[in-house]
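Terminal number for the sequence shown in the numbering used here: 650, no gaps in between. Even glycine gets a Cβ: it sits at the ideal position worked out from N, Cα and C. Small disclaimer: the values here were computed from a predicted structure and weren't measured.
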Amino acid sequence: MRQWIALSLLWMSAILLPVSASAACNSPIKFGALTWESGQFTSGVLKHIVEDGYGCTVEEVPGAGPALDTALSQNDIQVIGEQWVGRSPIMEKAIEQNKVAIIGDTLKGGATQGWYVPRYVLEENPGLRSYQDLPKYTELFKDPEDPGKSRFMNCPSGWTCEIFNTRLLKTTGLDSLFNNAHPGTGAALDAEIASAFEQHKPLLFYYWQPTGLMAKYDLAPLEFPAYEDDCWQNLLLADGKMDCVSGFPVSPLGIAVSTPFVESNPELAAVFEKVQFTSDELNGAILEMSESKRTGDEQAMVFLRDNPEVWQAWLSDEAATNLATKLGLSLTGAVSTTTSSINASALASSFPSWSLETPLNNALANVVQSYGDVFRTISTMALTYLLLPIERLLTVIPPWLIIAFVTVLGWLGVRKIWFALACGAGLFLIGAFGLWGALIDTLALLIVSVLVTVVIGIPIGIAMSGSELLRKIVTPVLDIMQTMPSFVYLIPVLMLFGIGKVPALFATVIYALPPLIRLTTLGITQVNHEMVEAGRSFGSTHLQLLLWIKLPQALPSIMAGINQAVMMSLAMVVLASMIGAPGLGEDVLQSIQTLNIGQGLQAGTAIVIVAIIIDRITQAFGQGKRTRQKTIEAGRRPIG
């Protein structure tokens with residue numbers, strides 16, 4: 011028996027020894043999971059080389075940009091596949107401390123960036139060529155949320171480019187003419203640009219390349235002065251003092267690796283030094299990846315299969331042979347039939363290939379092209395007659411008056427002095443945090459969202475209570491609205507209504523409607539049947555029954571629905587900030603993107619304070635008459 015065990019171990023050692031000997035690494039290599047297409051593609055190429063060429067184990071760790079930079083400096087991950095040199099303060103500090111190294115030059119000629127407009131804007135306005143011409147063309151880029159000024163579409167808050175674009179607006183003097191709009195996320199910025207092109211509308215925005223969007227649309231950069239390093243370094247500082255204007259630098263793209271990775275894997279570090287794509291190769295790969303709906307890893311596999319002459323020079327002969335075998339290629343470029351058939355069978359599925367993705371995307375694009383003006387008109391009306399008036403009103407009212415009003419309202423609702431004082435103290439704390447302006451933006455959006463939700467939801471709930479057929483039709487729709495991930499609501503409304511407050515309003519209403527409709531229906535259907543019959547016996551009409559019997563009896567349930575609608579609307583403020591809606595959610599999102607724990611806790615605390623105040627007050631006023639009277643009497647009793 012022992013001999014068999016010894017022979018088995020010897021046989022396994024003989025099999026595993028060549029694998030371990032050929033591997034270039036001794037432990038798994040962790041890659042940062044990048045969110046932009048060029049980074050995903052480059053990371054995919056590197057992972058295939060490391061895993062299939064050199065026999066290493068690869069893991070991918072998700073995270074935002076600053077989080078990944080911090081993780082790399084601590085060697086929690088070892089590789090970030092694409093790093094814009096000089097763009098991350100965290101990375102620059104880690105390089106100075108010799109914790110991180112930037113190796114290689116993955117894009118020949120470097121990456122470019124700047125302020126762009128669609129090419130057709132320049133063709134239709136021959137006098138617009140430089141940033142200095144923008145004051146003469148402010149009418150082209152009117153801000154729908156502030157018609158008195160124009161709009162410049164900046165980076166999302168927390169990105170490095172957001173800082174120098176904000177500084178450039180100031181140093182060029184354009185900040186007096188242009189509002190500095192923040193899209194919240196890169197995807198929201200892409201959606202706004204795509205929507206403008208689909209409707210042939212003017213748009214002024216910051217963008218960069220390589221990207222798939224740059225390859226898909228014809229973007230024209232505005233002219234800036236020549237690049238000056240001293241000026242640019244000052245523009246990167248949010249509190250910089252120099253009043254200068256500089257063109258944008260050409261940024262080298264490299265591969266960020268931790269210093270321990272370089273020391274323990276010199277062979278892989280040497281390979282990373284050689285990895286390089288031309289702009290045509292990288293832009294073409296990104297565009298193909300986007301149009302074919304491939305992941306970065308899938309597009310990397312396609313590129314490696316189609317371009318063996320590119321990567322063969324990067325690898326050692328043994329690694330190149332290993333990778334070619336894995337790809338089903340010979341080093342001469344011929345396809346290995348056996349391996350290809352194996353790969354094909356591995357990728358094959360027992361399910362048919364069905365997808366609604368392309369038809370739905372095409373349908374949305376057609377709606378934007380055909381009816382974009384209609385939806386933008388609705389957006390303008392919602393801003394002009396709902397959001398902006400309430401926001402201006404809240405801005406005009408002195409903060410102390412709002413605090414006093416909420417304090418009195420809290421006492422009238424709960425009839426407890428300590429709660430009323432806590433409401434006032436909570437609002438004062440929000441102001442002390444410097445978040446009063448953000449609170450006003452959030453309250454304006456919240457008030458309008460709840461008003462629209464009530465106007466739509468209560469009539470639908472009333473109609474459903476009287477029609478079994480309508481309940482069967484609407485209930486599945488409500489199920490979808492409640493269970494569909496909230497992020498999905500943001501995509502179509504962003505394309506249709508543009509970036510900012512209005513898409514946030516519609517997404518919030520969609521999210522908050524179902525509980526109000528359900529509870530309104532439930533409350534009316536549960537009204538005592540004998541009371542309804544008594545009303546009918548006295549000759550009451552359907553409208554009189556509804557107004558004087560059903561609605562008063564169902565009021566606690568309806569108020570509970572309004573309470574839930576308010577709370578769900580408030581829950582959307584952070585998600586709404588991802589599509590450019592200002593408010594407390596914007597501070598939370600910015601804190602996530604910049605790893606600013608203090609800012610995040612302050613904004614989060616403000617949201618919690620607002621949520622508790624609104625929840626307790628709406629619950630108190632939503633109680634039945636008898637229950638509410640008991641609460642008032644309990645509040646009058648002396649303590650002890």
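Spatial neighbours of residue i in its chain, beta-carbon cut-off 7 Å, leaving aside the 5 residues before and after
{"i": "alanine 454", "result": "Leu397, Ile400, Glu401 and Leu404"}
{"i": "aspartate 144", "result": "Checking the sequence, you will find leucine at residue 144 rather than aspartate. Hits under 7 Å: Leu184."}
{"i": "alanine 375", "result": "Glu208"}
{"i": "leucine 179", "result": "Phe162, Asp185, Phe188 and Asn190"}
{"i": "valine 584", "result": "Gly595, Val598 and Leu599"}
{"i": "isoleucine 173", "result": "Leu246 and Ala248"}
{"i": "tryptophan 46", "result": "Gly196"}
{"i": "proline 409", "result": "Gly441 and Trp446"}
Residues near residue i by beta carbon distance below 6 Å, same chain, minus five either side
{"i": "lysine 560", "result": "Ile534 and Val537"}
{"i": "leucine 506", "result": "Phe385"}
{"i": "asparagine 293", "result": "Pro220 and Ala225"}
{"i": "tryptophan 6", "result": "Nothing can be reported for residue 6: it is not among the residues displayed for the chain, which extend from 11 to 650."}
{"i": "lysine 40", "result": "Glu69, Val71, Ile87 and Gln88"}
{"i": "valine 618", "result": "none"}
{"i": "alanine 630", "result": "Gly423 and Val424"}
{"i": "serine 587", "result": "Gly194, Gly595, Glu596 and Leu599"}
Simplified DSSP state of residue i, which is helix, strand or coil
{"i": "tyrosine 216", "result": "strand"}
{"i": "asparagine 372", "result": "helix"}
{"i": "valine 576", "result": "helix"}
{"i": "phenylalanine 287", "result": "strand"}
{"i": "asparagine 244", "result": "helix"}
{"i": "alanine 206", "result": "helix"}
{"i": "serine 268", "result": "strand"}
{"i": "glutamine 93", "result": "strand"}
{"i": "valine 537", "result": "coil"}
{"i": "alanine 74", "result": "coil"}
{"i": "threonine 122", "result": "strand"}
{"i": "serine 363", "result": "coil"}
{"i": "serine 83", "result": "helix"}
{"i": "serine 326", "result": "coil"}
{"i": "leucine 117", "result": "strand"}
{"i": "leucine 480", "result": "helix"}
{"i": "serine 302", "result": "coil"}
{"i": "leucine 297", "result": "helix"}
{"i": "leucine 532", "result": "helix"}
{"i": "asparagine 275", "result": "coil"}
{"i": "methionine 491", "result": "helix"}
{"i": "cysteine 254", "result": "coil"}
{"i": "aspartate 383", "result": "helix"}
{"i": "tryptophan 421", "result": "helix"}
{"i": "valine 406", "result": "helix"}
{"i": "isoleucine 509", "result": "coil"}
{"i": "alanine 236", "result": "coil"}
{"i": "serine 98", "result": "coil"}
One or two residues paired with residue i in a DSSP bridge
{"i": "lysine 40", "result": "Glu69"}
{"i": "isoleucine 472", "result": "Looking at the DSSP assignment, isoleucine 472 forms no beta bridge with any residue, so it has no partner."}
{"i": "proline 128", "result": "Leu229"}
{"i": "phenylalanine 188", "result": "Ser160"}
{"i": "alanine 111", "result": "Val267"}
{"i": "serine 459", "result": "Bridge partners of serine 459: none, in fact."}
{"i": "leucine 523", "result": "DSSP output for leucine 523 lists no bridge partner at all."}
{"i": "serine 261", "result": "Ala121"}
Same chain, Cβ closer than 8 Å to residue i, five either side skipped, listed in chain order
{"i": "isoleucine 623", "result": "Val416, Gly420, Cys433, Gly436 and Leu437"}
{"i": "alanine 448", "result": "Pro592, Gly593, Leu594, Glu596, Asp597, Ala613 and Ala616"}
{"i": "alanine 230", "result": "Tyr126, Val127, Pro128, Arg129, Val131 and Leu132"}
{"i": "valine 542", "result": "Leu555, Ile559 and Lys560"}
{"i": "aspartate 625", "result": "Asn573, Val576 and Met577"}
Nearest-angstrom Cβ-Cβ length linking residue i and residue j, presumed shorter than 8 Å
{"i": "methionine 101", "j": "alanine 266", "result": "6 Å"}
{"i": "alanine 514", "j": "isoleucine 427", "result": "Actually they are not in contact, since the Cβ atoms of alanine 514 and isoleucine 427 sit about 36 Å apart, beyond 8 Å."}
{"i": "glycine 264", "j": "threonine 387", "result": "That pair is no contact at about 47 Å."}
{"i": "glycine 96", "j": "serine 268", "result": "The pair is not a contact, with the Cβ atoms about 19 Å apart (cut-off 8 Å)."}
{"i": "arginine 528", "j": "leucine 565", "result": "The Cβ separation is near 16 Å, so there is no contact."}
{"i": "alanine 621", "j": "leucine 580", "result": "5 Å"}
{"i": "glycine 471", "j": "threonine 531", "result": "5 Å"}
{"i": "arginine 177", "j": "glycine 250", "result": "6 Å"}
{"i": "methionine 299", "j": "phenylalanine 516", "result": "Wrong, their Cβ atoms sit about 31 Å apart, outside the cutoff."}
{"i": "glycine 63", "j": "glutamate 92", "result": "Actually they do not touch by this definition, with Cβ atoms about 19 Å apart."}
{"i": "leucine 10", "j": "proline 154", "result": "The requested residue 10 does not occur in the structure, where the chain is confined to residues 11 to 650."}
{"i": "isoleucine 59", "j": "leucine 480", "result": "In fact, because the Cβ distance is near 60 Å, the residues do not count as touching under 8 Å."}
| task | Starting from the N-terminal side, write out each stretch of the beta strand (DSSP E) that is 3 residues or longer and does not extend beyond the region 139-184. | result | 156-163
| At which residue ranges does the region 539-613 contain complete alpha helix (DSSP H) runs of 4 or more residues, listed in the order of the chain? | 539-547, 552-555, 561-581, 583-587 and 594-604
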